[in-house]
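Position in the sequence shown (from 1) plus 822 gives the number in our numbering.
Heads up, the beta-carbon is just placed ideally off N, CA and C, and yes, glycines get one too.
See structure below.
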Amino acid sequence: MTSPSSPSFALSSSSTTTITEFSGGFDTDRIDALTERGILEEKLMNGNAGGLLEEIVKKSNNKKKKKKNDDAAKQKRPSTAMFARTLSQDGVVRLNGSLSAATAAALREDILNRRDDAFAAVISPMGKVQGGDANSNKDDTTTKKEDWRNYFADVLLKRNRCDLLLPLKNNPHLQTALHEILVTSNVLSSVLQTATGENDATLYELSALISEPGSPRQPVHPDNPHQEHPPLHTAFIALQNITPPMGPTIFLPQTNTADAHERYNNVPDRDEFLESSPSVMALLNTGDISLFDSRTMHCGGANDVEGGSTRVLLYMSFRNPRAVEPIGNVGSMMSDIKRMTTLECKLSFILDGD
823 MTSPSSPSFA LSSSSTTTIT EFSGGFDTDR IDALTERGIL EEKLMNGNAG
873 GLLEEIVKKS NNKKKKKKND DAAKQKRPST AMFARTLSQD GVVRLNGSLS
923 AATAAALRED ILNRRDDAFA AVISPMGKVQ GGDANSNKDD TTTKKEDWRN
973 YFADVLLKRN RCDLLLPLKN NPHLQTALHE ILVTSNVLSS VLQTATGEND
1023 ATLYELSALI SEPGSPRQPV HPDNPHQEHP PLHTAFIALQ NITPPMGPTI
1073 FLPQTNTADA HERYNNVPDR DEFLESSPSV MALLNTGDIS LFDSRTMHCG
1123 GANDVEGGST RVLLYMSFRN PRAVEPIGNV GSMMSDIKRM TTLECKLSFI
1173 LDGD
């Protein structure tokens, strides 16, 4: 997930505490300053964060309409229209139980294995980037940049945090997960269709965000500048339960507006804006989704060195064709994956990987 306003590219394997810096990231010269900014913002926003709660349909008071066996007075699942309305108004909504625990666990393990394989492909045992000539004095910065970008996308504050590009072909774990999310559950697909008005939003990103203990809190940011319509709708799918020490994503509801972006972009007053803005943490259970408008302010939290643990999010973004202005970022997705509409995703590619 590339942010247009974001830090050396740092990757850390779960099997080692060594941090290896990669060159070529868009935030290379600002990692320390951005880390300090994230710490300051956490202090400014302290006390304003709560759980990201699913909107609940109010229960009817008409006893005649209640079922005889409704002793538990179960809450009804919100309708697609209510989810879409919350997404439009707040810029973020929670969708529960879109992926089974078993499928999530299998995909999570596969993603972490792929990440370790990607590290091995990028870094040789001597710390040289593969493709460089050990006997040459030639600067191999370009080689470094090309190599890691074959496996990873840029992400804001990459120390112990990475954005791993995922292949779709010959990837049964991912295909099974996408089938469950987009077809079996169908909630995400339905909300996207309702939010955009059509089934023509196109797949723009398909990747995994991985945060290890020690990854710092990001500064608050939107993924895209404001325009009339949301450029992207992004779904973060939790592949394990997410607790506060793991650095959950923090959202600022109702900041997908022109007024909120104007206040945010007024740098001298940004601290006051953040201090006065309510925020929510995406404390998701396995298989839950945070679906958000890419104009909404958010940040990745700090993954605590002592109490944290590896946090893996599968994510996908869909481009809204009604948002005609440039969006300012390159989608995190392998180049051979077709940019299909939500309808095409449901009908074809998640089944055969084409």
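- prompt: Using DSSP with H/G/I as helix, E/B as strand and the rest coil, what is residue 1077?
  reply: coil
- prompt: In angstroms, rounded to a whole number, what distance separates the CA positions of residue 1000 and residue 1021?
  reply: 17 angstroms
Three-way DSSP call (helix, strand, coil) for residue 973 in this model: coil
- request: Determine the burial state of residue 1075: buried for a count of at least 16 other Cβ atoms within 10 Å of its Cβ, exposed for fewer.
  value: buried
Same chain, Cβ closer than 6 angstroms to residue 1110, five either side skipped, listed in chain order: 918, 1060
message: Between 1102, 1126, 855, which has its C-alpha nearest residue 1118's C-alpha?
response: 1102
query: Can you tell me whether residue 1082 is buried or exposed, with buried defined as 16 or more other CB within 10 angstroms of its CB?
result: buried
task: Hey, could you find the ends of the alpha helix (DSSP H) residue 985 is sitting in?
output: No alpha helix (DSSP H) contains residue 985, which is instead part of the beta strand (DSSP E) from 983–987.
- prompt: For residue 1038 versus residue 1129, is the C-beta spacing smaller than 8 angstroms?
  reply: no
message: Three or more C-beta pairs under 8 angstroms: does that hold for the stretch 1009–1018 against the stretch 1084–1095?
response: no
field: Span separating the alpha-carbon of residue 1048 from that of residue 1151
entry: When rounded, the distance between both Cα atoms is 13 angstroms.
message: Assuming contact is defined by CB atoms lying nearer than 8 angstroms, are residue 1144 and residue 1055 in contact in what I supplied?
response: Going by C-beta atoms, residue 1144 is not nearer than 8 angstroms to residue 1055.
query: When you compare each of 1167, 859, 1158 to residue 1023 by their alpha carbons, which one comes out closest?
result: It is 1167.
- prompt: Bridge partners of residue 1122, per DSSP?
  reply: DSSP lists 1071 as partners of residue 1122.
Inter-residue spacing [alpha-carbon to alpha-carbon] between residue 1122 and residue 1073: 9 angstroms
- prompt: Closest to residue 1029 by CA distance: which of 1077, 1005, 1156 is it?
  reply: 1156
- request: Verify whether the separation of the beta carbon atoms of residue 1078 and residue 1115 is less than 8 angstroms.
  value: yes
message: Alpha carbons only, please: which of 931, 970, 1090, 1139 is nearest the one belonging to residue 944?
response: Measuring C-alpha to C-alpha distances from residue 944 to each of 931, 970, 1090, 1139 identifies 970 as the nearest.
message: Here's the rule: buried if 16 or more other CB atoms are within 10 angstroms of the residue's CB, otherwise exposed. What is residue 860?
response: buried
- prompt: Which residues bound the alpha helix (DSSP H) around residue 926?
  reply: 923–944
task: Could you tell me if residue 1141 is buried or exposed, where buried requires 16 or more neighbouring beta carbons within 10 angstroms of its beta carbon?
output: buried
message: Our contact map puts residue 1002 next to residue 1137 with C-beta atoms below 8 angstroms; I'd like the distance itself, whole angstroms only.
response: Wrong, their Cβ atoms sit about 15 angstroms apart, outside the cutoff.
message: Going by beta-carbon coordinates alone, are residue 985 and residue 1031 separated by less than 8 angstroms?
response: For residue 985 and residue 1031, yes; Cβs fall inside 8 angstroms.
query: Out of curiosity, what's the CA-to-CA distance linking residue 1088 and residue 852?
result: Straight-line Cα distance between these residues: approximately 20 angstroms.
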